[in-house]
Amino acid sequence: MRFLRFLGFLFVLGAVLLAAGAVAGYLVVQRYTADLPDYTQLAKYDPPVVTRVLAGDGRLLAEYAIEKRVFLPIGSIPKRVISAFLAAEDKSFYTHPGIDILGIVRAGVTNLTHMGTDRRPVGASTITQQVAKNFLLGNEVSLRRKVREIMLALRIERAYSKDRILELYMNQIYLGAGNYGVTAAALNYFNKPLDDLSIAECAYLASLPKAPNNYAIDKHPEAALARRNWVIGQMQDAGYITAAEAAAATAEPLKLIPRGATETVTADYFAEEVRRELVARFGEDALYKGGLTVRTSLDPRLQAIADKVLHDGLVKYDRAHGFRGPIAKIDATGNWPQALTAVPPPAGLYGWKLAVVLSTDAKTARIGLGEGSEGQIPLAELTWARHVDPTSHNMGAAIHKASDALAVGDVIAVEPVAKDAAGKDYPADTYGLRQIPEISGAMVAMDPHTGRVLAVTGGWSFQISEFDRAIQAMRQPGSAFKPIVYLTALENGFTPSTVIMDAPIVVDQGPGLPLWRPENFEKSFLGPATLRVGLEKSRNLMTVRVAQAIGMKKVAETAQRLGVVDNLQPVLAMALGAGETTVLRLTNAYSIIDNGGKKVTASLVDRVQDKLGRTVFRTDNRPCDGCSGLEWKDQAPPQIPDTREQVVDPASAYQMVSMMQGVVQRGTGSIIGQLGRPLAGKTGTTQDSKDVWFVGYSPDLAVGCYMGYDQPRSLGGDTATGGMIIAPLFKSFIAEALKGQPNVPFRIPPGIRLVRVNLQTGQRAQPGDSQVIVEAFKPGTEPNGDNNQVIMGIGVAGSGAGDAPTPAADSSGGLY
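In my numbering, the protein residues as written are -15 to 800.
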């Protein structure tokens, strides 16, 4: 009896404890789950998705994202990828109710065993629990969060299908290196879509959810390999792959496969301008979370040419102005490899290496490089390195031996060189001294018919300065502005053969101001000369007289109509390029002249699509009847209307094209004429040679380029002109850009009269004339011996037709 009473007591005690435990558990659950997040929001899952910016040929230019993610529906995720994640994370996913009871028990026992140690508690979370944690709860390690996670998982399982839960998980899970979701991880780790992943690659991705940073291939290769192989074993145990497949996958090397050069494009300044435009148009949330697909106008081939040409030009100019000294000084007598490695490479090193000078003699400087190897710099690669005074910028004595240029312990930039200036081979391990240029510049290439910008180089290095000198920098264009003056004259009754006086002129600037005496760059005068010669030779005095005759208000209107300068001051100095503009704006204006006077607006973005593939913006908004819903059966393509506004008379535009052809054939840009192609353009040099320009074009490509110091100072003496410094860069670019293409002549609009004339007089050519050209005239303006206007204005003149007073001569801008 006593035994039975004891058993009854135990039963009652057990029942009481069970009830108490149940009540306590109920109270804990109620306490922790009273304010559970609303799990129904998962039905409206709209994750942040990466925005991808593509070049014109489809290659990747840039990605913008807070979380690198490419969303993919569960039906599009390959079974092999799903199997790897199920094997690694939740083998019973499709059978459990949201939690794994046995797993929780095992985790509890393990945590009890580890109690009192510093080991992190294990959780035994199912994929459903991970969805609850990642979407709704966060990563807090606590009993409270675990209880809430379990309750949410049970509710999520009742509300959504297994496939929907797995879809959320596969697209949300963090897989290291900024990658969210399996699609982005596959692209960024292996440069493959999910369909192309091997078993081993799937297994590696599935190994990452546990601890992505601990299994990074580049940082922890052994741990990454071991974890991947463990996942492969789990896939075999679960029956997803065979033993043979597991063995082959385990034997496969584990390595990152970055995107190749053929799949990406580097154009930092272009990409940054696109980024700014997208933020302005769509906002930062759309850019960094919206999953936009942006097709740009960038031509990667032309961009690469522009980058190289500008870099080579900046280096050439910089080398001609001396060596500013070493990057740093270190002790070259001790452990120099370690000391050299400690020197941080400066931004914009452009692929060059750091080296330390170990010794010098009469003919060479011996150098050490960061990896401990050695090389030499021959004297021929040092003769340019005359030391320059940092204040006066004057160069020191010529270099006769290596020690004249370098000293032991100098840390310098070097580049391997294979041949000397004569083409003779150098010995192995020969280097040339290099220097990051102090001068800067910019280059733009665009389609003159559409305004599509094909290339932008905004300076030496985006890493040194993100300021874009092609699009953002406002600089004086100097004589590159003169075509705007001459175009205005052609639109107001002048012809290319109109004779202008090239002689001294004095302008009264108004009460209290000194007289303005503009000068020609050459300090000489031609006397009577044609409008064409005035442009070809870039004569300042002729330009001032033309502007004075037509009125600067009309010039200002033309400048605004072509988008060169907004609200140009109507004063005569502006005719010589004293106003400020950008390389892009001036190149766009020249494009309008090139294309026959049709307005185009420079654009970098062709089209933007949202993450569902819908077009939300496009630059070309021309109507196209029959372009959509059309079944192609070799019929003629739809005719798209030309909706461009005619902002310049086509005849005047062609006359300017012809005159600017003369600039490169006989004038200040004659170095370009050596190419023997139909090309036109204009040089520009500002006051004191602080900026040099060349903007020009072929019939189907417009290019603008500029060089100058960010803190303006003179580029040099009489040889620092647009024709000498920057025109060769245009020549190099256009030669490479048009390589292999036929010579296409400039298009002549209807109504133009082509007449043989004497270049010097502008009159019809006569037998025996030595300089005869074919000149373009509008009907009724052809020379007949008595209709060529001569504008004298030799004496003191006013500022012209009611214009405002002209500023002082030191702001005159244009020279050559």
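Here a beta-carbon is modelled for each residue, glycine too, at the ideal position from N, C-alpha and C.
> According to DSSP, is A8 helix, strand or coil?
Replying inline: In this prediction, A8 has a pLDDT of 47, which is less than 50 and means its spatial position is unreliable; nothing more can be read from the coordinates.
> Straight-line CA distance for T571 to Q658?
Replying inline: One alpha carbon belongs to T571, the other to Q658, and they sit about 22 Å apart.
> Does the Cβ-Cβ distance between G707 and G653 come in under 7 Å?
Replying inline: Their beta carbons are under 7 Å apart, which means G707 touches G653 by this criterion.
> Pick from D84, L121, R128 and V131: whose alpha carbon is nearest that of I111?
Replying inline: Of D84, L121, R128 and V131, the smallest CA-CA separation from I111 is found for D84.
> When the Cα atoms are used, what is the spatial distance from A382 to H371?
Replying inline: Rounded to the nearest whole angstrom, the CA to CA distance from A382 to H371 is 9 Å.
>> What residue range does the beta strand (DSSP E) around E615 cover?
In response: Where E615 is concerned, there is no enclosing beta strand (DSSP E), because DSSP gives it neither an H nor an E.
> Tell me which same chain residues have a C-beta within less than 6 Å of the C-beta of I757, skipping the five on either side of it?
Replying inline: Take I757, set aside five residues on each side of it, and the residues of its chain with a beta-carbon closer than 6 Å to its own are L743, in chain order.
>> Classify H384: buried if its beta carbon has 16 or more other beta carbons within 10 angstroms, exposed otherwise.
In response: Looking at its Cβ environment, which holds fewer than 16 other Cβ atoms inside 10 Å, H384 is exposed.
>> Please identify the residue among K63, L342 and A222 whose C-alpha is closest to the C-alpha of K75.
In response: Looking only at K63, L342 and A222, the smallest Cα-Cα distance to K75 is reached by A222.
> For D672, does the three-state DSSP call read helix, strand or coil?
Replying inline: Note: D672 maps to helix in three-state DSSP.
>> Check for me: the beta strand (DSSP E) holding C611 runs from which residue to which?
In response: Annotation: C611 is outside any beta strand (DSSP E) and is labelled neither H nor E by DSSP.
>> Which same chain residues end up closer than 8 Å to K176 when comparing Cβ atoms and leaving out the 5 residues on each side of it in sequence?
In response: Excluding positions up to five away in sequence, the list reads A170, E185 and I241.
> Taking the C-alpha atoms as reference points, what is the distance between S795 and V567?
Replying inline: Annotation note: pLDDT 34 at S795 (below 50); position unreliable, no value reported.
> Should T226 and N213 be called a contact, given that it needs their Cβ atoms to be closer than 7 Å?
Replying inline: Going by C-beta atoms, T226 is not nearer than 7 Å to N213.
> Could you give the distance in angstroms between the alpha-carbon of M430 and the alpha-carbon of A161?
Replying inline: Taking the straight line from one Cα to the other gives about 37 Å.
>> With distance defined between alpha-carbon atoms, name the residue in P432, G380, R350 and L26 nearest to I396.
In response: Cα-wise, what sits closest to I396 is R350.
> Under a Cβ-count criterion, where at least 16 other Cβ atoms within 10 Å of its own Cβ denotes burial, should Y470 be classed as buried or exposed?
Replying inline: Taking a 10 Å sphere around the C-beta of Y470, we find 16 or more other C-beta atoms and assign the residue as buried.
> From R606 to A704, what does the alpha carbon distance come to, in whole angstroms?
Replying inline: Cα-Cα distance, rounded: 45 Å.
> Unbroken beta strand (DSSP E) runs of length 3 or more, entirely within the region 343 to 406: which are they?
Replying inline: Look at the region 343 to 406 and you find these whole runs of beta strand (DSSP E), each 3 residues long or longer: 348 to 353, 358 to 362 and 394 to 400.
> Shorter than 7 Å from the beta carbon of A369 to some beta carbon of chain C?
Replying inline: Protein chain content of the structure displayed is limited to a single chain, and chain C is not contained in it.
>> Quick check: K595 and G275, are their CB atoms within less than 7 Å of each other?
In response: In this structure, G275 lies closer than 7 Å to K595 by Cβ.
> When DSSP builds the beta bridges, which residues end up paired with N817?
Replying inline: Lying outside -15 to 800, the shown extent of the chain, residue 817 is not represented and no answer is given.
> To the nearest whole angstrom, what separates the beta carbons of M644 and P480, a pair I think is in contact under 8 Å?
Replying inline: Wrong, their Cβ atoms sit about 11 Å apart, outside the cutoff.
>> Using the three-state DSSP reduction, which class does L722 fall into: helix, strand or coil?
In response: In the three-state reduction of the DSSP assignment, L722 falls in the coil class, being assigned neither a helical nor a strand state.
> Is it a yes or a no for the region 278 to 285 touching the region 32 to 46, going by three-plus beta-carbon pairs under 8 Å?
Replying inline: Contact between the region 278 to 285 and the region 32 to 46 is present, because at least three Cβ pairs lie under 8 Å.
> Which residues in the same chain as A540 place their Cβ atom closer than 6 Å to its Cβ, once the five residues preceding and following it in sequence are excluded?
Replying inline: Cβ contact annotation for A540 (same chain, cutoff 6 Å, sequence separation greater than five): L552 and P554, in chain order.
> Relative to the C-alpha of A391, which residue among Y158, L663, A316 and P488 is closest?
Replying inline: Nearest option by C-alpha distance: A316.
>> Rounded to the nearest angstrom, what separates D675 and F465 at their Cα positions?
In response: Taking the straight line from one Cα to the other gives about 13 Å.
> Just how far apart, CA to CA, sit C611 and Q593?
Replying inline: Distance between the alpha carbons of C611 and Q593 is about 18 Å.
>> Less than 6 Å between C-beta atoms, sequence neighbours within five positions excluded: which residues of the same chain meet that for Q156?
In response: Contacts found: N118.
> Where does G165 land, buried or exposed, given buried means 16+ other C-beta within 10 angstroms?
Replying inline: A residue is called buried once 16 or more other Cβ atoms fall within 10 Å of its Cβ, and G165 is buried on that count.
>> Rounded to whole angstroms, what is the Cα-Cα separation between I816 and I58?
In response: As displayed, the chain neither begins before -15 nor continues past 800, which places residue 816 out of reach and without an answer.
> Got a sec, what are the start and stop residues for the alpha helix (DSSP H) S642 sits in?
Replying inline: For S642, the enclosing alpha helix (DSSP H) has its first and last residue at P634 to Q649.
> Residue ranges of each beta strand (DSSP E) run of no fewer than 3 residues wholly in the region 215 to 280, ordered along the chain?
Replying inline: Runs found: 277 to 280.
> Taking Cβ positions, are N579 and R661 nearer each other than 7 Å?
Replying inline: Annotated as distal: N579 and R661, with beta-carbon spacing of 7 Å or more.
> When the Cα atoms are used, what is the spatial distance from M640 to P467?
Replying inline: Taking the straight line joining both Cα atoms gives about 7 Å.
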